[in-house]
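In my numbering, the protein residues as written are -6 to 258. Below you'll find the structure, written out as structure tokens, and then a few comments.
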Ligand code: NAD
């Protein structure tokens, strides 16, 4: 029996990277999983590639196209999941973006793009998941993707840091508000994870002159990691499944650092 057997879960930003890995790890431990992403075709492919995995562990799989900044799409995603799985137990607000810019060059457009998806998207996701869980009367778990950039400001990604500090604030505020409904709100904070997001960040930093060759920025970051290497998505998922399981029932309002010891807070 897996740690999340029979739990109905939604993971946003699940077409690739950390979100895909979170969803697959949940399936491995018996959950029903809705993989949701703004890239509808890609996430549908991810879901179909996971049919066998779901069957093997007694779960079900679903995909959904969603823009997490659009409330009506988030509501539709939740009702599609409830129609397919009968309820909603766990909601991962994981979709996120980054676009590095030198601090003095940051534009309103860069700020709004990042804040809308990473902060407003998380708030809408929390609200709509909580409404469903309250209506069910079952309690539930909301899990937000934070970052080392939730704990420290980094000069080339100021709006990203602001958005990820916001994720901590929303996690704490939601934990206080939803406790009376037996809904816990937690978060996890990766450091440097080898995903397409980091490849994009690495490329942007090189274009900005902050590094001189592909991979250099990532290597520089990696020198500060006590574990001596960057993370793979699989390094994150033992903790995310724990946060989705009853083993974490007495935790709420907390962010778990999963950064190999980069940020000691
Ligand atoms: P990624 O770029 O590989 O995947 C992000 C996914 O989010 C993509 O599939 C994308 O299509 C989706 N997405 C973007 N905008 C969306 C929207 N409006 N609605 C729905 N989906 C949307 O990134 P990743 O590295 O897997 O990052 C996942 C999360 O982890 C993000 O919140 C990111 O900020 C966070 N994080 C990543 C790292 C890292 O080093 N990779 C470190 C700390 C935190």
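Note that the Cβ used here is the ideal one computed from N, Cα and C, for glycine as well.
Residue i (DSSP reduced to helix, strand or coil)
i           : result
residue 183 : strand
residue 31  : coil
residue 133 : strand
residue 43  : coil
residue 86  : strand
residue 242 : coil
residue 18  : helix
residue 233 : helix
residue 218 : coil
residue 1   : strand
residue 177 : strand
residue 257 : coil
residue 59  : coil
residue 164 : helix
residue 25  : strand
residue 100 : coil
residue 74  : helix
residue 190 : helix
residue 249 : strand
residue 68  : helix
residue 223 : coil
Any non-hydrogen atom of ligand 1 closer than 8 Å to residue i Cβ
i           : result
residue 243 : no
residue 190 : yes
residue 103 : no
residue 308 : Residue 308 lies beyond the residue range present for the chain, which begins at -6 and ends at 258; the question has no answer from this structure.
residue 9   : yes
residue 157 : yes
residue 62  : yes
residue 217 : no
residue 224 : yes
residue 5   : yes
residue 186 : yes
residue 110 : yes
residue 138 : yes
residue 32  : yes
residue 259 : The chain is shown only over -6 to 258; residue 259 falls outside these bounds and no answer can be derived.
residue 87  : yes
residue 12  : yes
residue 161 : no
residue 90  : yes
Burial state of residue i, where buried means 16 or more other Cβ atoms lie within 10 Å
i           : result
residue 121 : buried
residue 96  : exposed
residue 19  : buried
residue 180 : buried
residue 70  : buried
residue 153 : buried
residue 105 : exposed
residue 17  : buried
residue -6  : exposed
residue 157 : buried
residue 21  : buried
residue 93  : buried
residue 226 : buried
residue 36  : buried
residue 207 : exposed
residue 76  : exposed
residue 14  : buried
residue 8   : buried
residue 146 : exposed
Min CB distance residue i to chain C below 9 Å
i           : result
residue 148 : As a matter of chain content, chain C is missing from the structure shown, which is built from one protein chain.
Cβ contact check for the region 186 to 201 and the region 230 to 238: 3 or more pairs under 8 Å
no
The region -6 to 12 / the region 78 to 85 touching (three or more Cβ pairs under 8 Å)
yes
Would you call the region 115 to 131 and the region 160 to 175 touching, i.e. three or more CB-CB distances under 8 Å?
yes
If you pair each beta-carbon of the region 49 to 59 with each one of the region 25 to 36, do three or more pairs fall below 8 Å?
yes
Contact between the region 245 to 253 and the region 132 to 151: three or more CB pairs below 8 Å?
yes
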